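The structure under discussion appears below in the form of C-alpha cells.
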Amino acid sequence: MGEDFETVIGLECHVELSTRTKMFCGCRNEFGAPPNTNVCPVCLGLPGSLPVPNERAIEYIVRIGLALDCEILRYSLFHRKNYFYPDMPKNFQISQYDLPICVKGHLDVQVDGQTHRVGITRVHMEEDTGKTTHAGASGRIAQAEYALIDYNRAGVPLVEVVSEPDIRSPEVARAYFNELRSTLEALDVSDVRMEEGSLRCDANISVRPAGSPEYGTKVEIKNLNSVRSLERALKYEQERQVAALRTGEKLVQETRHFDEGTGTTHTLRSKEEAFDYRYFPEPDLPPLEPDTEWVEKIRGALPELPAARRARFERELGLAPRQTTLVGASKATADFLEEAIDLGAPAAAVANWMTQDLSGLLNKARIELPESKVTPQHIADLIRLVEESTISVTAAKQVLEEAFETGKPIEEIVETRGLRQVTDTSALEAWVVEAIAENPEPVEQFRAGKDGAINFLVGQVMKKSRGAANVRTVQELLRAKLSGS
Amino acid sequence: MPVEIDIDHVAKLARLDLTAEEKERLRAQLGLILEYAAKVGEAAGADVPPSAYAIPRANVLRPDEPVPSLSREEVLANAPEREADRFKVPPIAEVG
Chain H
2 MGEDFETVIG LECHVELSTR TKMFCGCRNE FGAPPNTNVC PVCLGLPGSL
52 PVPNERAIEY IVRIGLALDC EILRYSLFHR KNYFYPDMPK NFQISQYDLP
102 ICVKGHLDVQ VDGQTHRVGI TRVHMEEDTG KTTHAGASGR IAQAEYALID
152 YNRAGVPLVE VVSEPDIRSP EVARAYFNEL RSTLEALDVS DVRMEEGSLR
202 CDANISVRPA GSPEYGTKVE IKNLNSVRSL ERALKYEQER QVAALRTGEK
252 LVQETRHFDE GTGTTHTLRS KEEAFDYRYF PEPDLPPLEP DTEWVEKIRG
302 ALPELPAARR ARFERELGLA PRQTTLVGAS KATADFLEEA IDLGAPAAAV
352 ANWMTQDLSG LLNKARIELP ESKVTPQHIA DLIRLVEEST ISVTAAKQVL
402 EEAFETGKPI EEIVETRGLR QVTDTSALEA WVVEAIAENP EPVEQFRAGK
452 DGAINFLVGQ VMKKSRGAAN VRTVQELLRA KLSGS
Chain V
-12 MPVEIDIDHV AKLARLDLTA EEKERLRAQL GLILEYAAKV GEAAGADVPP
38 SAYAIPRANV LRPDEPVPSL SREEVLANAP EREADRFKVP PIAEVG
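In order, the protein sequences belong to chains H and V. The numbering of the first sequence is this note's numbering, which starts it at 2 and goes up by one. The numbering of the second sequence is this note's numbering, which starts it at -12 and goes up by one.
Written as C-alpha cells, this is what we have:
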C-alpha cells in the first residue's frame, strides 16, 4: 500500500461465554445439542415469561472489562434492540445501548517489537441469536427457498468487545485479535473457538490520505471465520479502497461479505437506509449496580494475563522477546512450555524446540498445538536424551517427527529406530576404515594439510551409521587413523 | 398538548401495511397515548431523575444453575411451519 494513504481499522468481537446456562433463563448453554432441545418460554418470548440475568455471566463480563482496563459503570441498563428477523422469536434482542457495563479500556499488542495501544470503546452484555440455515437449491442466502431455525443458541450469553478505530494495519488487527483471544482464554470465560462460533469478529475499515484528520468512507466486513481470514480480508479491502481513491471512484458506506475461496469481499447490503432499532430500556430487567467491593473482589481474583506471563518468561526464564511472543501466543503454548520445564527441561531448550521444529511440523500439518499428539513429556524426554548424548540432534529431529505422527513415547521411538548414538569405538572403527579406503582423494587432501577435508569423511561415516554415530568420536577416530598410518 | 406522530415511519418500522383510514385512526390514538404518558413529566419535580422503572430495584440475578427446558414438541407447537426438528420460515433476503 502507498505511503500516501493511512488505513483506519476498528474491530467488533463477539464472545460467547462458557456459562452452564443461558443469559436470561436456566436452559443449558451447550454447543452441538440436538436442535430446539435447549429452549423454554423465555427463549421464545412467550407472554408472561420473565428474563432474569445469569449472575456468573455478569461476573465474567466484569472480569473481561477489568482485564481490558475498563471502567465498570456503577449503573448499567439492558435495552431491547428491535428488528424483524426470525433468528430471535420475540422480534428483539436484549442488548445494551448507552449504559454498557464496561467502558473506556485498552489492550496493548506487540508487532515486530513495537507496542500498539488499542482503545476499547465498550464491552457490553447481550444474548446470542438462534442459528439459521438457508435451504434451497443453491444454499446461498439470496436464492434460498426457505430458512430453518434452531433456537438452542438464542439467549446464550454474548459479550461484544468494541475497539476504537485505533488500528492502522491488518497486521496490528491480527495481533489485537490474537491478544484478545488469549486474554479471554486466560480469563477462562469462553471456549474462544472460532470454528464453533464462540468467538466471532466483524471489522470496520476505511482509508484516508495520510495526515487527514477526517475518516474516510467506512466499510464493515462480515464472515471472518478465522484469524487468517481477518487479515486477508483487511489486506484486500485496504487495497481495493486505496485503488478506488486513486482513480477517483466514490466509495460507499456498506457491509461487505468476505469470500474465503476467492479472498475478495463483495457487497452484502446497502446501508443507505440506516437501521432504526428503536432501542428502549428492557422493562423486565432492573438496572445493574455492581458495588465496589464485588468489583474489587473480581479484580483481586484475576489470573495472570498473557502480557504479564510473557514478561515473566523473559524475566525469570531468560527467553528472548521474539520467543515469548510465539510461546506466549496462547494459553495452550504457554502451559506447554511451563509443563515441559516442570518435567526438568531447561526453558531455553524447550522454547527452541517449540518455536523451531515443533512449530514447523504444526505449520506443515496446519494444526494448532493442542490438536497435535506431541506432549510436554515428549519435548522434555527429547531434550534430556540429546543432553545425555544418547541421541544426536539430527536423530532427535527425526524422533520428534515420528512422535508428531504417532504420539509414541520418545524412548520407544529411539529404540525401535536404533537411533541410540554409537560411541563405542570398536563399532565405529570398521566404518572409519571403510570411509578412508573408499575416499582416497579427501584422504590425500587432508594429509596434504587441508584440514577441512576431514568433514567429508566424517559425513561418510555418519551416513554409514545412519546418523547413529557420535560426531565427536568419529572425528577423533578419523584423525587418529589418518595421522597414525 | 397533542403529540405529532409520523405514522408512515412507525408503520414501516412495524412492518404494517395500513390503509389511509387506519393510519388516521392510529395516528390519533397513538397521539393520545403519548399525550397521556407525557403527564408523568409534568408531575415529576426537577429532583426526580428519569427512570424506565416504577420500582427502585437493582441487581436481580439468578445463579448459573440449569433447569429443564421445554420438550421439543412443546417448543415447536406454535411454529407456523416446521421441517423435522426446526422452525421453517420464509426465505430471508436481507440480513438484520
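For glycine and all other residues, C-beta sits at the position ideal for the given N, C-alpha and C. For clarity, every value in this text was computed on a predicted model and none was experimentally measured.
Self-check item: Alpha-carbon to alpha-carbon, residue 186(H) and residue 404(H)
Solution: Translated into positions along the first sequence, residue 404(H) becomes position 403. Translated into positions along the first sequence, residue 186(H) becomes position 185. Looking at the two C-alpha atoms, the distance is approximately 27 Å.
Quiz item: Name the chain V residues whose beta carbon is nearer than 7 Å to that of residue 28(H)?
Solution: As a working note, residue 28(H) is residue 27 in the first sequence. What residue 28(H) touches in chain V: 56.
Quiz prompt | Span of the alpha helix (DSSP H) around residue 21(H) | solution = Position 20 of the first sequence, counted from the first residue, corresponds to residue 21(H). Unbroken run through residue 21(H): none, as it is neither H nor E.
Self-check item: Residue-level contact to chain H via CB, residue 39(V), 8 Å cutoff
Solution: Along the second sequence, one-based indexing puts residue 39(V) at 52. Taking Cβ atoms only, chain H reaches closer than 8 Å to residue 39(V), which makes this a yes.
Quiz item: Any beta-carbon of chain H closer than 8 Å to the one on residue 63(V)?
Solution: Along the second sequence, read from residue 1 onward, the residue named residue 63(V) stands at position 76. It does; some Cβ of chain H falls within 8 Å.
Quiz item: Is residue 455(H) helix, strand or coil when you go by DSSP?
Solution: Position 454 of the first sequence, counted from the start, is the residue given in the question as residue 455(H). Helix, per DSSP.
Quiz item: Does DSSP put residue 28(H) in a helix, in a strand, or in coil?
Solution: Translated into positions along the first sequence, residue 28(H) becomes position 27. Coil.
Exercise. Could you tell me which chain H residues have their CB closer than 8 Å to the CB of residue 48(V), listed as they occur along the chain?
Key: Numbered from 1 along the second sequence, position 61 holds the residue referred to as residue 48(V). Ordered by position in chain H, the residues that pass the 8 Å Cβ test against residue 48(V) are 53, 54, 55, 56 and 59.
Self-check item: Residues bridged to residue 165(H) (per DSSP)
Solution: By one-based count along the first sequence, residue 165(H) stands at place 164. Per DSSP, none; premise fails for residue 165(H).
Self-check item: Nearest to residue 218(H) (by Cα), restricted to the options 250(H), 197(H), 236(H) and 202(H)
Solution: Numbered from its first residue, the first sequence carries residue 218(H) at position 217. Ranking 250(H), 197(H), 236(H) and 202(H) by Cα distance to residue 218(H) puts 250(H) first.
Self-check item: Boundaries (first-last residue) of the alpha helix (DSSP H) holding residue 44(H)
Solution: Here residue 44(H) corresponds to residue number 43 of the first sequence, with the count starting at 1. First-last of the alpha helix (DSSP H) with residue 44(H): 42 to 45.
Exercise. Let me know the secondary structure DSSP gives residue 273(H) once reduced to three states.
Key: Taking the first sequence and counting its residues from 1, one reaches residue 273(H) at position 272. Because residue 273(H) carries a pLDDT of 43, less than 50, the predicted location of this residue cannot be relied on, and no value is offered for it.
Quiz item: Is residue 334(H) helix, strand or coil when you go by DSSP?
Solution: Sequence index remark: in the first sequence, residue 334(H) carries index 333 (1-based). Residue 334(H): helix per DSSP, three-state reduction.
Self-check item: Which of helix, strand or coil DSSP assigns to residue 76(V)
Solution: Your numbering for residue 76(V) matches position 89 in the second sequence. Looking at residue 76(V) - three-state DSSP - the assignment turns out to be strand.
Quiz item: Using the beta-carbon of each residue, which ones in chain H are nearer than 7 Å to residue 0(V)?
Solution: The residue you call residue 0(V) lines up with position 13 of the second sequence. Simply 277 and 279.
Exercise. Give the single residue among 244(H), 220(H) and 316(H) whose Cα lies nearest to the Cα of residue 269(H).
Key: On the first sequence, position 268 is the one that residue 269(H) refers to. Among 244(H), 220(H) and 316(H), the Cα nearest to that of residue 269(H) is on 220(H).
Self-check item: Beta-bridge partners of residue 422(H), as assigned by DSSP
Solution: In the first sequence, residue 422(H) corresponds to position 421, counting from 1. The partner list for residue 422(H) (beta bridge, DSSP) is empty, contrary to what the question assumes.
Quiz prompt | N- and C-terminal bounds of the alpha helix (DSSP H) containing residue 133(H) | solution = Reading the first sequence from its first residue, position 132 is the one you call residue 133(H). That residue, residue 133(H), is in no alpha helix (DSSP H); its beta strand (DSSP E) goes 132 to 136.
Quiz item: Hey, residue 69(H) and residue 124(H): beta-carbon distance below 8 Å or not?
Solution: For the purposes of this step, residue 69(H) is taken as residue 68 along the first sequence, with counting starting at 1. For the purposes of this step, residue 124(H) is taken as residue 123 along the first sequence, with counting starting at 1. Contact: yes.
Practice problem: Figure out for me which residue from 330(H), 235(H), 408(H) and 412(H) has the closest Cα to the Cα of residue 389(H). | Solution: Counted from its first residue, the first sequence places residue 389(H) at position 388. The residue with the shortest Cα to Cα distance from residue 389(H) is 412(H).
Practice problem: Run the CB neighbour count on residue 63(V), radius 10 Å, all protein chains shown included, and call it buried at 16 or more, exposed below. | Solution: One-based indexing of the second sequence puts residue 63(V) at position 76. That one is buried.
Quiz item: Are the Cβ atoms of residue 104(H) and residue 291(H) separated by less than 8 Å?
Solution: Mapped onto the first sequence, residue 104(H) falls at position 103. Mapped onto the first sequence, residue 291(H) falls at position 290. Not a contact, by the Cβ cut-off of 8 Å.
Quiz item: For residue 326(H), which residues of its own chain have a beta-carbon under 8 Å away from its beta-carbon, when the five flanking residues on both sides are left out?
Solution: Numbered from its first residue, the first sequence carries residue 326(H) at position 325. Within the same chain, residue 326(H) has close Cβ partners 111 and 311.
Quiz item: For the 8 Å Cβ check, are there 3 or more pairs between the stretch 14 to 27 of chain H and the stretch 143 to 156 of chain H?
Solution: yes
Self-check item: residue 127(H) - partner residues in DSSP beta bridges
Solution: As a position in the first sequence, residue 127(H) is number 126, starting the count at 1. Looking at the DSSP assignment, residue 127(H) forms a beta bridge with 159(H).
Quiz item: With a cut-off of 8 Å, does the C-beta of residue 53(V) fall near any C-beta of chain H?
Solution: Position 66 of the second sequence, counted from the first residue, corresponds to residue 53(V). Cβ-Cβ to chain H under 8 Å: yes for residue 53(V).
Quiz item: Is residue 259(H) helix, strand or coil when you go by DSSP?
Solution: Reading the first sequence from its first residue, position 258 is the one you call residue 259(H). Correct three-state label for residue 259(H): strand.
Quiz item: Based on Cα-Cα distance, which residue from 380(H), 65(H) and 365(H) lies nearest to residue 342(H)?
Solution: Along the first sequence, read from residue 1 onward, the residue named residue 342(H) stands at position 341. Comparing Cα positions, the closest option is 380(H).
Quiz item: Nearest CA to the CA of residue 44(H): which residue from 37(V), 78(V), 79(V) and 61(V)?
Solution: As a first step, residue 44(H) is located in the first sequence; it is residue number 43 there, counting from the start. Comparing Cα positions, the closest option is 61(V).
Practice problem: Would you kindly report the start and end of the unbroken alpha helix (DSSP H) that includes residue 20(V)? | Solution: Position 33 of the second sequence, counted from the first residue, corresponds to residue 20(V). Taken as a continuous stretch (DSSP letters only), the alpha helix (DSSP H) holding residue 20(V) covers 7 to 30.
Quiz item: Per DSSP, residue 440(H) is paired with what?
Solution: Counting from one through the first sequence, the residue named residue 440(H) turns up at place 439. Note: residue 440(H) sits in no beta bridge, so no partner.
Self-check item: Chain-ordered chain H contacts of residue 45(V) [CB-CB under 9 Å]
Solution: If you number the second sequence from 1, residue 45(V) lands on position 58. Simply 76, 287, 288, 289 and 290.
Self-check item: Identity of the residue in 75(H), 108(H), 174(H) and 53(H) nearest residue 127(H) by Cα
Solution: Counting from one through the first sequence, the residue named residue 127(H) turns up at place 126. Ranking 75(H), 108(H), 174(H) and 53(H) by Cα distance to residue 127(H) puts 53(H) first.
Exercise. Taking only beta carbons into account, state which residues of the stretch 4 to 19 of chain V come closer than 9 Å to chain H, listed in chain order.
Key: none
Quiz item: So what's residue 207(H) in DSSP terms, helix, strand or just coil?
Solution: What you label residue 207(H) is simply residue 206 of the first sequence in a count that begins at 1. In this structure, residue 207(H) counts as strand in the three-state DSSP scheme.
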